[in-house]
Structures are given as C-alpha cells and as structure tokens.
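The structure appears right after this line, and notes come after that.
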Amino acid sequence: MAQKPIIGRTSRSGKCSIHRALRVDCGPQDVSNDGCLKLGCCFDDHDSTCYYRMNTCSLDGHFVFSVKATDNDPPLNPNNLVVKGQPQCSPVATSADTAVFKVGVRDCGTKMMVNGDVVSYEVEVEELHPKIKGKHSPFSLPVQCQYEGSALLHTDLWSLNPTNPPPVTALGTVRVQMRIATDESFTSFLPEDQLPLTLYLRKPVYVEVSITPPSPEPSLSLRVRDCLVVTPFLLRLPCLQTLRMDTTL
Numbered sequence: 001m002a003q004k005p006i007i008g009r010t011s012r013s014g015k016c017s018i019h020r021a022l023r024v025d026c027g028p029q030d031v032s033n034d035g036c037l038k039l040g041c042c043f044d045d046h047d048s049t050c051y052y053r054m055n056t057c058s059l060d061g062h063f064v065f066s067v068k069a070t071d072n073d074p075p076l077n078p079n080n081l082v083v084k085g086q087p088q089c090s091p092v093a094t095s096a097d098t099a100v101f102k103v104g105v106r107d108c109g110t111k112m113m114v115n116g117d118v119v120s121y122e123v124e125v126e127e128l129h130p131k132i133k134g135k136h137s138p139f140s141l142p143v144q145c146q147y148e149g150s151a152l153l154h155t156d157l158w159s160l161n162p163t164n165p166p167p168v169t170a171l172g173t174v175r176v177q178m179r180i181a182t183d184e185s186f187t188s189f190l191p192e193d194q195l196p197l198t199l200y201l202r203k204p205v206y207v208e209v210s211i212t213p214p215s216p217e218p219s220l221s222l223r224v225r226d227c228l229v230v231t232p233f234l235l236r237l238p239c240l241q242t243l244r245m246d247t248t249l
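Residue numbers (our numbering): 1 to 249.
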C-alpha cells in the first residue's frame, strides 16, 4: 500500500505549474483574474483561464490531486484508476503517466473525520483490472484532505449561498423529530429506550425525519441534505460517515 498523502489545509498550498492537458477548470467560464484568485485557484494570463491548484483542498469543497503511473511498481495505467468502491468516480483528466482527480468532499463515498478544529476527508484510489496479478499486492492509495474549521465554514457558505431559500417571516419554534422504523412500511417505530441503534454495514435503516406540529408556517417543508452515522475510529476520534439515501417523500 502506498503512503497516505495529506494534500494540505489551505487552498493556496497547491501548485499552479500544471500541464495544460491536466488542468481542471475552476469557477465560471468568464471569471476574472481577481475572481479566480479569490476562489483560491490559478489564472493563466495567456489564455485567460482559471484552473484548480494541484494537490490541494479547494475553497468550494473538492479534493484536486494527481496520481502518477510511477507511484507503483509495476507502473500503473492512469486510465484504470478510480475511487475505491466508486467506479463512476474516475479521473477528470489523464495523460500517459498521470491521472487527475476532482472529488467533492461529500461525493464518492468520502469518509469524514473530526479532530478539534480540523476536519479531514479521505478517499482511497485503486486500480481496476491491473495487468499483473499474483505476487504483487493490489494498488491502494489513501488520499486525505484537511480543512481547518474557519476554512471549512468558508467553503460551506461559498457553496450554499446561491441556493438558499427565501427567509421565513413567521415567528415561532420549529421542532424536528427523527424516528427509526422497524421496516420499510414505516408503520412501527423503535422506542427511545432501544436507541442508539447499532447495525452492520450495508444493512438498510429506515429513518423518518419530520416537522412536528404545531408549525409556525404551514407551508414549511423539510429537506435533508446528508445523513451521517458515527463509527469508532483510531485514537477514539469521532468518525462520521455519510449514508447512501433512497429518499421517499
């Protein structure tokens, strides 16, 4: 197994000297030089393009990193690299000797860990269909991206502001409840004295989240963006994992 690279806590820690074929576009198409730099990205004055720094955690919440063919012996095929267990999460750019990934911190089965003010996200890259099998161990490269609390807050605000709903003008307290059903019919729920619930991985859990009456505004609707579970982690640090959701309205 290759050593785990930690690709930085600030968006300006990565490099800008990137071959054109491996650059990943950053920001809107007509972004200015100043606008590009505010995003923590690189700007090329020759063709007015804005692109992500390499091997960094971006302000908009992405890992952007490269994997070299020579990171393994025998050499890898960059076109065969994917995020482990997520074959749809393939490189966004490749060359004969390099694969470039852009992975959202909430995508591709990313694992999230919290240690004080530092939030770490981790994915693992593997090679599909290796040419040589047998005595050689399969290629596996964990990649970790770290944000300090302030940087993570800036990232969340940057990505969520454009889609914020209009404010609710009614005054009052909104109460939200979560219940765990015993099966997919959602007709019977576990009592509180049986919580917290421990389940095996890949076992479905039926969760109902709702606004409890009375509501200060009858037209209020509840939208769930992520559903997280807590699992044990080394050194007793909390480890949060995002569940795959099959939503029923």
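Glycine is no exception: its CB is placed at the ideal position from the N, C-alpha and C atoms.
Per DSSP, the continuous alpha helix (DSSP H) segment holding Asp34 begins and ends at 33–38. In this structure, Asp71 keeps its C-beta atom at 9 Å or more from the C-beta atom of Cys50. Its Cα nearest to that of Val31, the residue Tyr52 stands out among His19, Tyr52, Ser140. The C-beta distance from Leu22 to Val100 rounds to 5 Å, short enough to meet the 8 Å contact threshold.
Assignment of Pro74 by DSSP, reduced to helix, strand and coil, places it in the coil class. The residue from Phe186, Val207, Thr187 with its alpha-carbon nearest to that of Pro196 is Val207. Each residue's CA atom was taken as its position, placing Asn115 and Leu199 some 24 Å apart.
In the three-state reduction of the DSSP assignment, Glu184 falls in the coil class. Ranking Ile18, Ser185, Gln177 by CA distance to the CA of Ala93 puts Ile18 first.
At a Cβ-Cβ threshold of 9 Å, Lys84 and Gly109 count as neighbours. The C-beta distance from Phe189 to Arg179 rounds to 4 Å, short enough to meet the 8 Å contact threshold. DSSP, reduced to helix, strand and coil, places Leu22 within a helical segment of the structure shown.
Pro142 is bridged by DSSP to Glu124.
If you compare the alpha carbons of Val119, Val123, Ser140 with that of Tyr147, the shortest gap goes to Val119. Around the beta-carbon of Thr98, 16 or more other beta-carbon atoms lie within 10 Å, marking it buried.
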